[in-house]
Every structure is written in C-alpha cells, then in structure tokens.
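Undergrad:
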Amino acid sequence: MRVKCVICDEIEAIEDESVTAKRLRNRPIHTYMCKSCSTRITEKTNARIETGNFRLYRTKSEKDEW
Ligand SMILES: [Zn+2]
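Those letters in the sequence shown? Residues 45 to 110, by the numbering used here.
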C-alpha cells in the first residue's frame with residue numbers, strides 16, 4: 045500500500061503485510077510518518093530528554109493544570 049508522510053508529504057510504498065500497514069488500516073492515514081521524519085523526531089526527543097528540559101517542562105505544565 046502507499047502512504048503519505050504527515051510531515052513532509054512524501055509518498056512511500058510499504059509492505060501490505062507489515063506491522064505499519066496493519067496499524068494504518070485501523071487508524072487514519074494521517075498518522076503515518078516516513079523513516080527520515082520519525083528518525084529526526086526521535087533524535088530531537090532524545091536530545092531534549094538528555095538536557096532535562098523536556099521532563100522539567102512536562103512536570104511544570106502538569107502542575108499548572110492542577
Ligand atoms: Zn516525512
């Protein structure tokens with residue numbers, strides 16, 4: 045099946061029997077991210093966790109909501 049990356053609009057072909065394809069059949073196609081985008085986001089998230097800013101920000105916003 046062909047899927048469109050939600051971030052860069054790139055069309056990719058994935059195996060019909062792959063885990064990703066099965067997951068996408070149960071969810072909107074908009075949730076698909078291509079490999080380069082998901083790698084980039086994973087790296088960004090890991091970098092933020094390493095600096096500690098990510099966790100500090102989350103903790104602060106949860107406190108504010110309560
Ligand atoms: Zn992409």
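We put the CB at the ideal spot given by N, CA and C, even for glycine.
As the structure is a computational prediction, the values presented were derived from the model and not from experiment.
How far does the beta strand (DSSP E) with Ile55 in it extend, from its first residue to its last?
TA: Unbroken beta strand (DSSP E) run through Ile55: Ile55 to Ala57.
Undergrad: If you check the beta carbons only, do Val47 and Glu56 fall under 9 Å apart?
TA: For Val47 and Glu56, yes; Cβs fall inside 9 Å.
Undergrad: Does DSSP put Val50 in a helix, a strand or coil?
TA: Coil, per DSSP.
Undergrad: Confirm the yes/no value for this check: CB of Glu87, any heavy atom of ligand 1, distance under 8 Å.
TA: No, ligand 1 has no heavy atom inside 8 Å of this Cβ.
Undergrad: Which residues bound the alpha helix (DSSP H) around Arg84?
TA: Counting along the chain, the alpha helix (DSSP H) containing Arg84 begins and ends at Lys79 to Thr95.
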